[in-house]
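**Q** Residue numbers (the numbering used here), protein chains in the order written: chain S, 14 to 346; chain A, 14 to 346.
All residues carry an ideal CB built from backbone N, CA and C; glycine is no exception.
Protein chains: 2
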Amino acid sequence: MAAEAGVSVATVSRVLNDHPSVSDDARTRVLAAVETLGYRPNAVARSLRTDQTHTLGLVISDVMNPYFTELARSVEEEARALGYSVIIGNADERPDLQDHHVRTLLDRRIDGLLVSPTDGGSPLMLDAARRGTPMVFVDRWIPGVDVPVVRADGRAAVRDLVAHLHRLGHRRLAIIAGPAATTTGRERVEVFREALAEYGLELPDAYIGQGDFQAESGRRVTEGFLDLPEPPEVVFAADNLMALGALDAVRARGLRVPQDVALAAFDDIPWFVHTDPPITAIAQPTGELGRAAVRALVDRIEGRPPQSVTLAARLVVRRSCGENPTEVQRSTS
Amino acid sequence: MAAEAGVSVATVSRVLNDHPSVSDDARTRVLAAVETLGYRPNAVARSLRTDQTHTLGLVISDVMNPYFTELARSVEEEARALGYSVIIGNADERPDLQDHHVRTLLDRRIDGLLVSPTDGGSPLMLDAARRGTPMVFVDRWIPGVDVPVVRADGRAAVRDLVAHLHRLGHRRLAIIAGPAATTTGRERVEVFREALAEYGLELPDAYIGQGDFQAESGRRVTEGFLDLPEPPEVVFAADNLMALGALDAVRARGLRVPQDVALAAFDDIPWFVHTDPPITAIAQPTGELGRAAVRALVDRIEGRPPQSVTLAARLVVRRSCGENPTEVQRSTS
DNA sequence: GGAACTCGTGGAATCGATTACACGACTTCG
DNA sequence: CGAAGTCGTGTAATCGATTCCACGAGTTCC
Numbered sequence: 014m015a016a017e018a019g020v021s022v023a024t025v026s027r028v029l030n031d032h033p034s035v036s037d038d039a040r041t042r043v044l045a046a047v048e049t050l051g052y053r054p055n056a057v058a059r060s061l062r063t064d065q066t067h068t069l070g071l072v073i074s075d076v077m078n079p080y081f082t083e084l085a086r087s088v089e090e091e092a093r094a095l096g097y098s099v100i101i102g103n104a105d106e107r108p109d110l111q112d113h114h115v116r117t118l119l120d121r122r123i124d125g126l127l128v129s130p131t132d133g134g135s136p137l138m139l140d141a142a143r144r145g146t147p148m149v150f151v152d153r154w155i156p157g158v159d160v161p162v163v164r165a166d167g168r169a170a171v172r173d174l175v176a177h178l179h180r181l182g183h184r185r186l187a188i189i190a191g192p193a194a195t196t197t198g199r200e201r202v203e204v205f206r207e208a209l210a211e212y213g214l215e216l217p218d219a220y221i222g223q224g225d226f227q228a229e230s231g232r233r234v235t236e237g238f239l240d241l242p243e244p245p246e247v248v249f250a251a252d253n254l255m256a257l258g259a260l261d262a263v264r265a266r267g268l269r270v271p272q273d274v275a276l277a278a279f280d281d282i283p284w285f286v287h288t289d290p291p292i293t294a295i296a297q298p299t300g301e302l303g304r305a306a307v308r309a310l311v312d313r314i315e316g317r318p319p320q321s322v323t324l325a326a327r328l329v330v331r332r333s334c335g336e337n338p339t340e341v342q343r344s345t346s
Numbered sequence: 014m015a016a017e018a019g020v021s022v023a024t025v026s027r028v029l030n031d032h033p034s035v036s037d038d039a040r041t042r043v044l045a046a047v048e049t050l051g052y053r054p055n056a057v058a059r060s061l062r063t064d065q066t067h068t069l070g071l072v073i074s075d076v077m078n079p080y081f082t083e084l085a086r087s088v089e090e091e092a093r094a095l096g097y098s099v100i101i102g103n104a105d106e107r108p109d110l111q112d113h114h115v116r117t118l119l120d121r122r123i124d125g126l127l128v129s130p131t132d133g134g135s136p137l138m139l140d141a142a143r144r145g146t147p148m149v150f151v152d153r154w155i156p157g158v159d160v161p162v163v164r165a166d167g168r169a170a171v172r173d174l175v176a177h178l179h180r181l182g183h184r185r186l187a188i189i190a191g192p193a194a195t196t197t198g199r200e201r202v203e204v205f206r207e208a209l210a211e212y213g214l215e216l217p218d219a220y221i222g223q224g225d226f227q228a229e230s231g232r233r234v235t236e237g238f239l240d241l242p243e244p245p246e247v248v249f250a251a252d253n254l255m256a257l258g259a260l261d262a263v264r265a266r267g268l269r270v271p272q273d274v275a276l277a278a279f280d281d282i283p284w285f286v287h288t289d290p291p292i293t294a295i296a297q298p299t300g301e302l303g304r305a306a307v308r309a310l311v312d313r314i315e316g317r318p319p320q321s322v323t324l325a326a327r328l329v330v331r332r333s334c335g336e337n338p339t340e341v342q343r344s345t346s
């Protein structure tokens, strides 16, 4: 390469990084050589020397979950706009897989890590944070770790949901919770319980089912609910996949939604418009979350102070909890 | 690190790559030092020296499409089992984005590339193939390039679908095609046309709508079909997202599926069980495709002759084309 | 008892970039 | 006209691993 242009490697490097002190003559010769040879600089060598990879790692809990897919997509978009690439690791809700990916990403010397932790205390991640790896939590986080968090606050939306359900006459409300090891798994139950309290409703233990954010657990928990002597009138799933499982379980019993059991979900996804019936859900500003997370991480990487961000989720009413004639805000998007 | 263990870097390297000629004494000392320092080898430096990254690049057409999400997942799984990492690039059906990702991946010196090309002739990709970059096409391919292809053959399944539709009395069948620049975009139309011919049916130009594998195009094309003086009785979407758009369009007119218009789709996804009505689809062995593609690519990388693989797709009958009392093979999976 | 081997180890080259430093050729200015 | 800059360029060190080669110590074998 340097030979082709008749200059030294230093000059080639300077041209490629458009350093000011290069003569026009040398510049054109180098660019010509680049063209004829189809030369592309070796990113591996560059990273070794500069100690930066211009790459972010993103470890998400489950790629098959449309919520995380959308998150990943927006993360990649924003990162690309800021000049970074993204390497995605799929943890499949398994702490061991999560650690595997964190380790590989760290070995690759990514510039920063975006994580939606599967559990509450991976020593590996705590260690990375302590050693100063730029990190940002998205959606879920690990309490007590000094890392910015970008997430959605569902409190108001859940309150709206409970108001909606109460107005429709529902009094026995159950929830399919996520893993207690995750913040979202615990928090959604708490927020739901508080909202119920405002209407003088209880959330008995029998109405709290332990799920794992996967469809199968939604099915299992729902079957449990339906087997109760006094089954709930509403099942609220803490994520979209468990809602899918719940729908399956209800359907398998020959019961109808919403006439026999009402259904609502946390996380709105395009498919909820087309299910039978369309599902009432709490929508997170997913794309905005992904973008904000990247901005925070890049701020941290480039030496600016990163900020935690909390955005509001909102209720999207559809038909899965019953029709309310006065309430015609049925959404189509 | 070498200092901590009181040995040379060469010995450290030998221990970490478990080279046979290292004394037990040195080995334990090095491993102890690794432990206390939390040392992890720098993958960037290693890659520079060994000229291998143990990483595969996967460029897919659209991450938001559940078919590709599942493909990506199975690819990562198989790759991990074989000791490779995967970097995913999302082309969003845009050739420029596809090239961006291919270029970045090549710059990173990935060991091999798995692509589902968005268009028929990216010069960049042809070039990479010609220069000997290990490559394998998945799902879609570029004709005339000497690269193994791993894909599903839908011919038999489409024939089954047409038989099913014909039996239900449908005679006017339309298709929403994918981009002509993609093999799957063209091929699915051809296969459909041939299957129709077996039943003495034509596929008039008015019944071929040009889509781009995105939901919005499915909606637009379907509206066009419904505006025809003689609208089709069946709309067959060449992928799942366009089927979603078609369902939207039909619904927006106040028409019912399957009573007013029947609907079928290429690519089966979990959500199709829960749409209203459940959608009849052609299911690809997606996971198997991903795994086979990785095996072919790794074979190529490690010097074994890679093989093209073609697996059969199969018809999954649900209710979106009408009920047939004699046909009780309605699937729930 | 010495030649021939084996074994464990360290020194040093290497991968392909970036970048501090030196240097020669010009310019500028007192 | 000579000292002091400026400008463009090349030489060489460096990043952190891997790996070839050499070497000393201990074995084996005739």
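(1) With 8 Å as the C-beta to C-beta threshold (strictly closer), list the residues of the segment 55-74 of chain A near chain S in chain order.
(2) Residues of chain A with CB closer than 9 Å to the CB of M77 of chain S, please, in chain order.
(3) Enumerate in chain order the residues of its own chain whose CB-to-CB distance from R107 of chain A is below 8 Å, with the five nearest sequence positions on each side excluded.
(4) Can you check DSSP and say which residues form a bridge with M148 of chain A?
(5) Would you kindly report the start and end of the unbroken alpha helix (DSSP H) that includes T293 of chain S?
(6) Please state whether the Cβ-Cβ distance between L328 of chain A and L174 of chain A is less than 8 Å.
(7) If we ignore side chains and look at the alpha-carbon of each, how far apart do V57 of chain S and R144 of chain A end up?
(8) What residues are listed by DSSP as bridge partners for A279 of chain S?
(9) Would L257 of chain S pass as a contact of A294 of chain S if the rule is Cβ separation under 8 Å?
(10) State the DSSP-derived secondary structure class of I221 of chain S, mapped to helix, strand or coil.
(11) Less than 8 Å between CB atoms is the rule here; does D112 of chain S satisfy it with respect to chain A?
(12) Who does L69 of chain A pair with in a DSSP beta bridge?
(13) Which word fits V22 of chain S, buried or exposed, when buried means at least 16 other C-beta atoms lie within 10 angstroms of its C-beta?
(14) Would V125 of chain S and M148 of chain S qualify as a contact pair, given that the criterion is a beta-carbon distance under 8 Å?
(15) Tell me, please, whether the CB atom of L257 of chain S is closer than 8 Å to any CB atom in chain A?
(16) Using a Cβ-Cβ cut-off of less than 8 Å, list which residues of the segment 86-104 of chain A approach chain S; keep chain order.
(17) If we ignore side chains and look at the alpha-carbon of each, how far apart do V25 of chain S and E48 of chain S end up?
(18) Under a Cβ-count criterion, where at least 16 other Cβ atoms within 10 Å of its own Cβ denotes burial, should E136 of chain S be classed as buried or exposed?
(19) What's the C-alpha gap between V171 of chain A and E211 of chain S?
(20) Decide if G51 of chain A is buried, meaning its Cβ has at least 16 other Cβ atoms within 10 Å, or exposed.
(21) When the cut-off is 8 Å and only beta carbons count, does R122 of chain S lie next to chain A?
(22) List the residues of chain A that V146 of chain S touches, going by C-beta distances under 9 Å, in chain order.
(23) Take the Cβ of L118 of chain A as the centre, count every other Cβ of all protein chains shown within 10 Å, and call the residue buried at 16 or more, exposed below.
(24) Would you say T235 of chain S lies against chain A (beta-carbon separation less than 8 Å)?
(25) Kindly give me the distance between the Cβ atoms of I123 of chain A and G70 of chain A, rounded to whole angstroms, as I take these residues to be in contact under 8 Å.
(26) Taking D354 of chain S as the query, report the chain A residues whose CB atoms sit under 9 Å from its CB, ordered along the chain.
(27) Within 10 angstroms of the Cβ of A18 of chain S, are there 16 or more other Cβ atoms? Answer buried if so, exposed if not.
(28) Could you tell me which residues DSSP pairs with V329 of chain S in its beta bridges?
(29) Would you verify that the beta carbon of L276 of chain S is, or is not, closer than 8 Å to some beta carbon of chain A?
(30) How about L241 of chain S: is its C-beta nearer than 8 Å to some C-beta of chain A?
(31) From Q111 of chain S to E90 of chain A, what distance separates their C-alpha atoms?
(32) Counting beta carbon pairs with one atom in the segment 215-230 of chain S and one in the segment 192-203 of chain S, are three or more of them shorter than 8 Å?
(33) Could you check the C-alpha separation between D225 of chain A and P319 of chain S for me, to the nearest Å?
(34) When you compare only the Cα positions, how much space is there between R331 of chain S and L84 of chain A?
(35) Exposed or buried, what is H287 of chain S when buried is set at 16 or more other beta-carbons lying within 10 Å of its beta-carbon?
(36) Starting from the Cα of V247 of chain S, find the closest Cα among S:G237, S:D273, S:S230 and S:R233 and give me that residue.
**A** Looking at the atomic coordinates:
(1) For the segment 55-74 of chain A, residues whose beta-carbon sits nearer than 8 Å to a beta-carbon of chain S comprise N55, A56, V57, A58, S60, L61 and T66.
(2) What M77 of chain S touches in chain A: P79, T82, E83, R86 and P283.
(3) Closer than 8 Å at Cβ, skipping near neighbours: T131.
(4) DSSP lists A:L126 as partners of M148 of chain A.
(5) In the DSSP assignment, T293 of chain S falls outside any alpha helix (DSSP H) and lies within the beta strand (DSSP E) extending over T293 to A296.
(6) Annotated as proximal: L328 of chain A and L174 of chain A, with beta-carbon spacing under 8 Å.
(7) C-alpha separation (whole angstroms): 19 Å.
(8) Here residue 279 of chain S turns out to be Phe, not Ala, going by the sequence shown. DSSP output for F279 of chain S lists S:I295 as bridge partner(s).
(9) Going by C-beta atoms, L257 of chain S is not nearer than 8 Å to A294 of chain S.
(10) Strand.
(11) D112 of chain S does not count as touching chain A.
(12) Answer by DSSP bridge pairing, in chain order: A:V99 and A:G125.
(13) Result: exposed.
(14) One detail in the question is off: residue 125 of chain S reads as Gly in this sequence, not Val. For G125 of chain S and M148 of chain S, yes; Cβs fall inside 8 Å.
(15) Contact with chain A is found for L257 of chain S, since one of that chain's Cβ atoms lies less than 8 Å from the residue's Cβ.
(16) So the list reads R86, E89, R93, S98, I100, I101 and N103, given in the order they occur along the chain.
(17) Taking C-alpha positions only, V25 of chain S is separated from E48 of chain S by approximately 13 Å.
(18) Per the sequence presented here, residue 136 of chain S reads as Pro, with Glu not at that position. Exposed, because fewer than 16 other Cβ atoms sit within 10 Å of the Cβ of P136 of chain S.
(19) Between the alpha carbons of V171 of chain A and E211 of chain S lies a gap of roughly 55 Å.
(20) Burial is judged here by how many other beta carbons sit within 10 angstroms of a residue's own beta carbon; G51 of chain A has fewer than 16 and is exposed.
(21) It does: the Cβ of R122 of chain S has a partner Cβ on chain A nearer than 8 Å.
(22) Reading the sequence as shown, one finds Thr at residue 146 of chain S and not Val. The premise fails here: T146 of chain S is roughly 12 Å from chain A at the closest Cβ pair, so nothing lies under 9 Å.
(23) Within a 10 Å sphere around the beta-carbon of L118 of chain A sit 16 or more other beta-carbons, which makes this residue buried.
(24) By this cut-off, T235 of chain S is not an interface position.
(25) Confirmed, Cβ separation roughly 4 Å.
(26) The structure shown has nothing for residue 354 of chain S, since chain S only spans 14 to 346.
(27) So A18 of chain S counts as buried.
(28) In DSSP, V329 of chain S forms a bridge with S:A294.
(29) For L276 of chain S, not one C-beta of chain A is nearer than 8 Å to its own C-beta.
(30) Contacts with chain A at 8 Å (Cβ-Cβ) do not include L241 of chain S.
(31) Spanning the two alpha carbons is a distance of roughly 13 Å.
(32) Segments in contact, yes.
(33) Cα to Cα, the separation comes out at about 39 Å.
(34) Taken atom to atom, the span from the alpha-carbon of R331 of chain S to that of L84 of chain A is near 31 Å.
(35) Answer is buried; the Cβ neighbour count reaches 16.
(36) Selected option, being the one with the closest Cα: S:D273.
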